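**Q** The structure's right below; bear with me while I get my questions together.
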Amino acid sequence: MSTEHWLGLITGVLFGLLLQQGRILRYEKQLGAMLLRDMTIFKFMLSAVVVGMIGITLLAQTGQISYGHKALNLGALLVGGAIFGVGWAIAGFCPGTAVGAVAEGRWHALFAILGMVIGAALFAEIYPTLQSTVLAWKDFGKVGLAELLGISPWVVVAVFAGVSFGAFYLFEKLGV
Amino acid sequence: MQEPNSPWWRPYAAGALLGLVAIASAWATTRWLGKTTYLGASTTFVRAAGFLEQTVVPDHVAQNAYFAKEKVRVEWQFMLLVGVFIGALIGAVLDRSFRWESVPPLWQERFGPSVGKRGLAALLGGIVMMIGARMADGCTSGNGLSGLMQMSASGFLVLPVFFGVGLLTAMLLYRRRTSA
């Protein structure tokens, strides 16, 4: 195995361990959030983003790493995002958590994994058609929110952290 | 309830630690691979599909524009998902939360104990979800976690769409049947 493989594997082990320890590898947690009964996945995700955002911004602003933004392509994000949402609610797992769920013994997630492999194969077939239709609608390019708004990235970090802590307070108060 | 004693801070602590892992990973991939690489999951399913198709129709895979774009090979993210499986297994064994489950309890309450019914739904959900993820160029990991951490405009737009449509779909699936 190369350095690339080892780095991916080690990072993945930590990622999987934390997903499992955060208790988000459960159908009940995923659907619980969508039914507004159990906000565990939001507590986990927003905590990760607040911490990650600070470090990533610091490293990127000092030129030690580069951003890897995805394109702000309206057709791709709105249509693709909506299709993803429907599938996520029906499957009850997102791609990464489906893999982790099987490792926790929730073997029914294998059906979702098989479906996702089939879905990827189907996507490869329709890709050329999408390129000239949905994906060609309106693309604003690979852009960060701070530069799009013309503000300091630290303002975004501060607002995001503030909103997240407000949400955490609300979740704990409501007991969800 | 499987874990009545799970401490309230558990998801926050695990999430915050994942934030540190994501920072370390961005730094390490830049340092040793020469390109900043962010956590993601869904592209791996394209490569897995490519590997499987190669065994039957190799020429077709070679000619496909999308497989050419994403490159059918075992790379960093593929190993990341292998690691996710191993890490989750280690955690589940260590804290004894590993449990064979063929139908999720919540699903069973609403749709019954049929493994076939659950399996079919998960399969169809998986197909739909992956088509959407590839169209949006990322799932809840790549577009959600990593997108927001980098403050990508795309992440701020797509995550509410993911969740909003997920919520509507879940509400429809689990709406109470009104008694006549």
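Residue numbers (this note's numbering), protein chains in the order written: chain Z, 1 to 176; chain H, 177 to 356.
We treat Cβ as the ideally placed atom computed from N, Cα and C, and that holds for glycine.
These numbers were taken from a predicted model, which means no experiment stands behind them.
(1) Does any residue of chain H bring its CB to less than 8 Å from the CB of Q61 (chain Z)?
(2) Flag I10 (chain Z) as yes if its beta-carbon sits less than 8 Å from any beta-carbon of chain H, otherwise no.
(3) Among residues of its own chain, excluding the 5 on either side of M177 (chain H), which ones have a beta-carbon nearer than 6 Å to its beta-carbon?
(4) How would you label E147 (chain Z), buried or exposed, when you count the other beta carbons within 10 angstroms and need 16 or more for buried?
(5) Just the chain H side, please: which residues come within less than 8 Å of K173 (chain Z) by C-beta, in chain order?
(6) Using CA coordinates, which residue listed in H:F227, H:G226, H:T213 is at the minimum distance from M325 (chain H)?
(7) With a threshold of 8 Å between beta-carbons, can M177 (chain H) be considered close to chain Z, or not?
(8) What residues in the stretch 62–76 of chain Z have a beta carbon less than 9 Å from any beta carbon of chain H?
(9) Counting only beta-carbon separations shorter than 8 Å, does I151 (chain Z) have a partner in chain H?
(10) According to DSSP, is L25 (chain Z) part of a helix, a strand, or is it coil?
(11) What did DSSP end up calling A71 (chain Z) once you bin it into helix, strand or coil?
(12) Counting only C-beta atoms, is V304 (chain H) closer than 8 Å to chain Z at any point?
(13) Applying the 10 Å Cβ sphere with the 16-neighbour rule, what's the burial state of N240 (chain H)?
(14) Can you name the residues that DSSP bridges to S328 (chain H)?
(15) Going by the DSSP bridge assignment, what does D271 (chain H) pair with across the sheet?
(16) On the criterion of 16 or more Cβ atoms from any shown chain inside 10 Å, does W185 (chain H) qualify as buried, or is it exposed?
(17) I56 (chain Z) to G96 (chain Z), Cα distance in whole Å?
(18) Within the stretch 179–218 of chain H, note down every full alpha helix (DSSP H) run reaching 4 residues or more, in order along the chain.
(19) As a quick exercise: from H:L209, H:M255, H:E229, H:R223, pick the residue whose alpha carbon is nearest that of G8 (chain Z).
(20) Is it buried or exposed, Q131 (chain Z), if we count other Cβ atoms within 10 angstroms and call 16 or more buried?
(21) Can you tell me which of H:F227, H:L257, H:T231 puts its alpha carbon nearest to the alpha carbon of K247 (chain H)?
(22) Of all the options H:P280, H:F287, H:F261, which has the alpha carbon lying nearest to the alpha carbon of A217 (chain H)?
(23) Can you tell me whether D235 (chain H) is helix, strand or coil according to DSSP?
(24) Return no unless some Cβ of chain Z is closer than 8 Å to the Cβ of P187 (chain H).
(25) In whole angstroms, what separates the C-alpha of G162 (chain Z) from that of L209 (chain H)?
(26) Name the DSSP bridge partner or partners of D139 (chain Z)?
(27) Between H:G314, H:L348, H:L257, which has its C-alpha nearest G12 (chain Z)'s C-alpha?
(28) For M83 (chain Z), tell me which candidate among H:D235, H:G314, H:Q284 has the shortest Cα-Cα distance.
(29) Distance cutoff 8 Å, beta carbons only. Does V232 (chain H) sit that close to anything in chain Z?
(30) So which residues on chain H does G115 (chain Z) lean against when the C-beta distance must stay under 9 Å?
(31) In chain Z, which residues lie less than 8 Å from R294 (chain H) when you measure between Cβ atoms?
(32) Mind pulling the chain H residues with CB within less than 8 Å of T129 (chain Z)?
(33) For R23 (chain Z), collect the residues of the same chain with a Cβ closer than 7 Å to its Cβ; drop the 5 residues on either side in sequence, then sort them by chain order.
(34) Pick out whichever of Z:A120, Z:E4, Z:M1, Z:L46 has its Cα sitting closest to the Cα of Y188 (chain H).
(35) Comparing the C-beta of A356 (chain H) with each C-beta of chain Z, is any distance below 8 Å?
**A** Checking against the coordinates, here is how it stands:
(1) Counting from one through the first sequence, the residue named residue 61 (chain Z) turns up at place 61. With its beta carbon at least 8 Å from every one in chain H, Q61 (chain Z) lies outside the interface.
(2) Numbered from 1 along the first sequence, position 10 holds the residue referred to as residue 10 (chain Z). For I10 (chain Z), the answer is yes, since a Cβ of chain H falls inside 8 Å of its Cβ.
(3) The residue labelled residue 177 (chain H) in the question sits at position 1 within the second sequence. Since pLDDT at M177 (chain H) reaches only 41, below the 50 mark, its modelled position is unreliable, and no value is offered.
(4) Stepping through the first sequence from its first residue, residue 147 (chain Z) is reached at position 147. Residue burial annotation: E147 (chain Z) is exposed, with fewer than 16 other C-beta atoms found within 10 angstroms of its C-beta.
(5) Your numbering for residue 173 (chain Z) matches position 173 in the first sequence. The premise fails here: K173 (chain Z) is roughly 12 Å from chain H at the closest Cβ pair, so nothing lies under 8 Å.
(6) Sequence index remark: in the second sequence, residue 325 (chain H) carries index 149 (1-based). Proximity to M325 (chain H) across H:F227, H:G226, H:T213 peaks at H:T213, based on C-alpha coordinates.
(7) Numbered from 1 along the second sequence, position 1 holds the residue referred to as residue 177 (chain H). The pLDDT assigned to M177 (chain H) is 41, lower than 50, so where the model puts this residue is not dependable; a value taken from the coordinates is nonetheless given after this. Put simply, the CB of M177 (chain H) is far from chain Z, with every gap to its CB atoms at 8 Å or more.
(8) Near chain H, meaning a CB-to-CB distance below 9 Å, the residues of the stretch 62–76 of chain Z are Q64, I65, S66, Y67, G68, H69, K70, A71, L72, N73, L74, G75, A76.
(9) Numbered from its first residue, the first sequence carries residue 151 (chain Z) at position 151. Not closer than 8 Å to any Cβ of chain H, the Cβ of I151 (chain Z) fails to qualify, so no.
(10) Here residue 25 (chain Z) refers to the residue found at position 25 when the first sequence is read from its first residue. Looking at L25 (chain Z) - three-state DSSP - the assignment turns out to be coil, as it is neither helix nor strand.
(11) For the purposes of this step, residue 71 (chain Z) is identified with residue 71 of the first sequence, where counting begins at 1. Judged by DSSP in its simplified three-state form, A71 (chain Z) adopts strand.
(12) Stepping through the second sequence from its first residue, residue 304 (chain H) is reached at position 128. At least one chain Z Cβ lies under 8 Å of V304 (chain H).
(13) Along the second sequence, one-based indexing puts residue 240 (chain H) at 64. Looking at its Cβ environment, which holds 16 or more other Cβ atoms inside 10 Å, N240 (chain H) is buried.
(14) The residue given as residue 328 (chain H) occupies position 152 in the second sequence. Beta-bridge pairing links S328 (chain H) to Z:G144.
(15) The residue you call residue 271 (chain H) lines up with position 95 of the second sequence. None, per the DSSP bridge assignment.
(16) Residue 185 (chain H) sits at position 9 when you count from the first residue of the second sequence. By the neighbour-count criterion, in which a residue is buried when 16 or more other Cβ atoms sit within 10 angstroms of its Cβ, W185 (chain H) is exposed.
(17) As a first step, residue 56 (chain Z) is located in the first sequence; it is residue number 56 there, counting from the start. As a first step, residue 96 (chain Z) is located in the first sequence; it is residue number 96 there, counting from the start. So the alpha carbons of these two residues sit roughly 21 Å apart.
(18) Whole alpha helix (DSSP H) segments, 4+ residues: 186–209.
(19) The residue labelled residue 8 (chain Z) in the question sits at position 8 within the first sequence. Looking at the Cα atoms, H:M255 is the closest of the given residues.
(20) Position 131 of the first sequence, counting from 1, holds the residue named residue 131 (chain Z). Q131 (chain Z) comes out exposed.
(21) Taking the first residue of the second sequence as 1, we reach residue 247 (chain H) at position 71. Comparing Cα positions, the closest option is H:F227.
(22) Numbered from its first residue, the second sequence carries residue 217 (chain H) at position 41. Nearest neighbour of A217 (chain H) by Cα position, chosen from H:P280, H:F287, H:F261, turns out to be H:F261.
(23) For the purposes of this step, residue 235 (chain H) is identified with residue 59 of the second sequence, where counting begins at 1. D235 (chain H) falls in the helix class under three-state DSSP.
(24) Counting from 1 along the second sequence, the entry for residue 187 (chain H) is found at position 11. Yes, its Cβ sits closer than 8 Å to a Cβ of chain Z.
(25) Counting from one through the first sequence, the residue named residue 162 (chain Z) turns up at place 162. Counting from one through the second sequence, the residue named residue 209 (chain H) turns up at place 33. Here the alpha carbons of L209 (chain H) and G162 (chain Z) stand approximately 34 Å from one another.
(26) Walking along the first sequence from the start, residue 139 (chain Z) turns up at place 139. Partner(s): Z:N73.
(27) On the first sequence, residue 12 (chain Z) is found 12 positions in, with the first residue counted as 1. The residue with the shortest Cα to Cα distance from G12 (chain Z) is H:L257.
(28) Position 83 of the first sequence, counting from 1, holds the residue named residue 83 (chain Z). In the sequence as displayed, the identity of residue 83 (chain Z) is Ile instead of Met. Measuring from the Cα of I83 (chain Z), the nearest candidate turns out to be H:G314.
(29) Stepping through the second sequence from its first residue, residue 232 (chain H) is reached at position 56. The beta-carbon of V232 (chain H) is placed no less than 8 Å from the nearest beta-carbon of chain Z.
(30) Counted from its first residue, the first sequence places residue 115 (chain Z) at position 115. Within chain H, the residues near G115 (chain Z) are A298, L299, L300, G301, G302, I303, V304, M305, M306.
(31) Taking the first residue of the second sequence as position 1, residue 294 (chain H) is located at position 118. Among the residues of chain Z, those whose CB is under 8 Å from the CB of R294 (chain H) are H108, F111, following chain order.
(32) Numbered from its first residue, the first sequence carries residue 129 (chain Z) at position 129. Listed along chain H, no residue sits closer than 8 Å to T129 (chain Z) by beta-carbon distance, the nearest being about 11 Å off.
(33) One-based indexing of the first sequence puts residue 23 (chain Z) at position 23. If we look at R23 (chain Z) and ignore the five residues flanking it on each side, its Cβ neighbours are K29, T40.
(34) By 1-based counting over the second sequence, the position of residue 188 (chain H) is 12. The candidate whose alpha carbon is nearest that of Y188 (chain H) is Z:L46.
(35) Taking the first residue of the second sequence as position 1, residue 356 (chain H) is located at position 180. Low per-residue confidence applies at A356 (chain H): pLDDT is 45, beneath 50, and the placement is therefore not dependable, though the value from the model is reported in the following sentence. Judged by the 8 Å Cβ criterion, A356 (chain H) is not in contact with chain Z.
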